[in-house]
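To keep things clear, I will list the structure first and then write my remarks on it.
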Amino acid sequence: MTFNDRIFGVLMIVLAIAYGWGATQFPEPFGGAEAVGPDTFPKLLAIVLAISSLYLIVRPDPDNAWPWSRTGIELIIAVVVLIFYAMLLQPLGFIISTTLAVGTLCWRMGARPVNAYITGAVSGVVVYFLFSFALDLALPLGLLSFLEVN
Amino acid sequence: METLGYLMDGFGVALQPHNLMFALLGAFLGTLIGALPGLGPANGVAILIPLAFSLGLAPETALIMLTSVYAGAMYGGRISSILLNIPGDEPAMMTCLDGYPMAQKGKASEALAISAVASFIGSLIATVGLILLAPLLANFALTFGPAEYFALFLLAFATLGGITGKNPVKTVVAACIGLMIATVGIDNTGVQRYTFGVLELFEGVDFIIAIVGLFAISELLFFIEERAGGGKEKMKVNKLSLSWKDIRDILPTSFRSGVLGFVAGVLPGAGASLGSFISYTLEKRVLGKKGAFGTGDPRGVAAPEAGNNAASSGALVPMLTLGVPGSGTTAVLLALLISLNITPGPLMFTQNADIVWGVIAALLIGNFLLLVLNIPLVGIFVKLLSVPPMYLLPIVTMIAFVGIYSISNTIFDLYFMVAFGVGGYVLRKLEIPLVPVILGLLLGPEMEKNLRHAMELSDGDWMILWDSGLAIGLWVFAGLGLILPYIVGPLLRRGMKATPNSGSPESD
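As they're listed, the protein sequences go chains H and C. Using my numbering, the first residue of the first sequence is number 1218, and each one after it goes up by one. Using my numbering, the first residue of the second sequence is number 45, and each one after it goes up by one.
Here it is in structure tokens:
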């Protein structure tokens, strides 16, 4: 099967065209046009990308299998965990969000749930204290901010 | 003997107590990173960059620490080759051939010690080579004009896949993607390019975020896919009994391989993997029937280790003198330089002499530290091999989050990093190499600047790009870099395929 490279090649050609078209829309720089304006380099890139993508479509490599079914779901879970981790880092605070994120990732990668969340909590606390005391950097405390000693 | 004077100054910098401390820390962390499963040198250095920033380290200290990490990771990579027959990183592949048989014969400690000594000799030779060659090359590079630089950057991209690379067109695609990302933001004529009015994009894409996302996050996703979370069995290592004679026996091999490896490291398109491959094959031929290669000959351990460590130090030569890295890890080190506001290239040797020579001196000191660390502490590093990735990788991911968050304290950067991670995973699945993407991000602005300068000098005549003999030479080599893999590649790959497959594809 050689779908991957072909599809990727088509997507890249679309990107090259959109990118090259984008370059033609730049306003003329202040001080008038020059031999090499802001659009020259992007146009060159668009041409090179389009040509090499064409090659990928004509001479694709054999495919690597994509992980459908369960592994695919695990991957999606991992990405969702990472997005939530970023989203909740400030509201929940570093320690709680790290416990949840690292714990869930360890668990989904095969650790026993209890061990997983203990790993998450310990690593969160250790890194928090390392950063705030040894390295003097403030990570958000979030929900735990009542513990803050001032 | 100007060089010697500079080197003395360099030692002055490197021997300052706090620099020495960070060199030691770096060497230790590096060996750790090399030994731990799922953390190659490029990956490890990438994660540590934001931390070096948020620590507020002085430029020379940050660079000394991360160069030590780089050197240390090369030491660490061999441990799993010898004990488990699984190369920790690609260049350590050849070490499996004789290292694992030695371990099976109950001589694991000897193999580890011999490889540490050989690594030391290889790095030492290469560092001396670096000291001799780098100033010459930097002087030569001062004669480069913008057109030559433009061609040099092209050469860097063209040879990045290496002559053993599979599909050079994919390298070109990857480079284009990287260069395109680099054009996002306000350019130096004040025009907004591809910002879509998003405020966070006005300053362009921070390459540190891209690097950490591409390496660290995509590695996590790969481990999840391969369900390789379980970790490896615990290994026991016998007590070390190494005589002076054993070391003396591997010395000639180590010297020869060190020199070869250094040459392979300096040349564009060769790199550490080829360095260890050539060293091993050549040594096998030199010793002929006198050696028992493939069945646990100590010299078969020494040759690839000396070769690969020499090559990785040699790879610093083009990075430091021309600002053009030849491998993933040196690209990451270049990222560190750029973000420390040091312009890499020949001028660095005059403008930032203390930093350059400090780093070179630190490399020499680091080698001694690594040798001292590696022989007695090998037991600790061996234990690390059995750390299950299911605990390790989530924690590494968390450290990547902390690092990126601590640079700017914005959540936007974290989303960006995750997006790069997913993108990196998809690219790796398609066998599109990630290193050219990163190099494109790093070199994009300089490349465009040189193109503009060249065109301003010639009043818009494109012929200036291949107007000098030097520029033509660079273009020819760049062309060869893309064509040779089709001709020589299959032959060399067949030679290397006889050996076990490498672990992670992105750690050169």
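Ideal Cβ placement from N, Cα and C applies to all residues, glycine included. Computed from a prediction, not measured in an experiment: that's the story for all the values here.
- A distance below 6 Å between beta-carbons, with the five flanking residues on each side excluded, links Y238/C to the following residues of its chain, in chain order: V228.
- Interface criterion met: the Cβ of T1315/H is under 8 Å from a Cβ in chain C.
- Contact check for Y1345/H and I1312/H: beta-carbon distance about 5 Å, within the 8 Å limit, so the pair qualifies.
- Taking C-beta separations shorter than 6 Å and ignoring five residues to either side along the sequence, the partners of S356/C in its chain run M118 and A316, following chain order.
- In chain order, S98 and L99 make up the part of chain C whose C-beta sits under 8 Å from the C-beta of L1352/H.
- In this structure, the alpha-carbon of L377/C lies about 8 Å from that of T111/C.
- Note: I230/C is bridge-paired with Q236/C in the DSSP secondary-structure output.
- Annotation for K1260/H: the continuous alpha helix (DSSP H) segment containing it runs T1257 to V1275.
- Contact of W1283/H with chain C by beta-carbon distance below 9 Å involves K473.
- Closer than 8 Å to the CB of P1308/H there is not a single CB belonging to chain C.
- Annotation: T1288/H to D290/C spans about 49 Å, alpha carbon to alpha carbon.
- In this structure, the CA atom of A218/C is about 14 Å from the CA atom of Y1272/H.
- At least one CB atom of chain H sits nearer than 8 Å to the CB of T233/C.
- Looking from the CA of G74/C, the closest CA among V89/C, M52/C, F321/C and V113/C belongs to V113/C.
- By the CB criterion at 8 Å, L485/C and I225/C fall inside the cutoff.
- If you look at T387/C, you'll find it isn't in any alpha helix (DSSP H); DSSP assigns it neither H nor E.
- Look at I130/C here: in three-state DSSP terms it is coil, with no helix or strand label.
- Membership of F1311/H in the alpha helix (DSSP H) is indicated by the continuous run F1311 to R1325.
- In this structure, V57/C lies near A405/C, with their beta-carbon atoms less than 8 Å apart.
- The beta carbon of E154/C sits closer than 6 Å to those of L286, all from its chain and outside the five residues before and after it, given in chain order.
- Nearest to G78/C by C-alpha distance, out of L51/C, L69/C, A115/C and N385/C, is A115/C.
- Rounded to whole angstroms, S383/C and G389/C show a C-alpha spacing of 14 Å.
- At a C-beta separation below 7 Å, L110/C has no neighbours in chain H, since its nearest C-beta there lies roughly 17 Å away.
- Taking a Cβ-Cβ cut-off of 7 Å, the neighbours of T1336/H in chain C comprise Y435, given in sequence order.
- For T1219/H, no Cβ of chain C is located within less than 8 Å of the residue's own Cβ.
- By the Cβ-count criterion, D503/C is exposed, with fewer than 16 other Cβ atoms from all chains shown falling within 10 Å of its own Cβ.
- Note on geometry: alpha-carbon atoms of P1308/H and L1361/H lie some 10 Å from one another.
- With three or more CB-CB distances shorter than 8 Å, the region 247-263 of chain C counts as touching the region 461-476 of chain C.
- In the DSSP assignment, N418/C falls within the alpha helix (DSSP H) that extends over A397 to L428.
- Judged by beta-carbon spacing, I268/C lies within the 8 Å limit of M1326/H, meaning their Cβ atoms are closer than that value.
- Contact between the region 408-425 of chain C and the region 55-72 of chain C is present: three or more C-beta pairs spanning the two stretches fall below 8 Å.
- Runs of the alpha helix (DSSP H) spanning 4 or more residues and lying entirely within the region 134-215 of chain C occur at 139-148, 152-185 and 190-204, in chain order.
- For the C-beta of M224/C, the chain H residues within less than 7 Å are, from N- to C-terminus, Y1236 and L1262.
- In the displayed model, Q1307/H falls within a helix according to three-state DSSP.
- Residue-level contact by beta carbon holds for M499/C and chain H, with a gap shorter than 8 Å.
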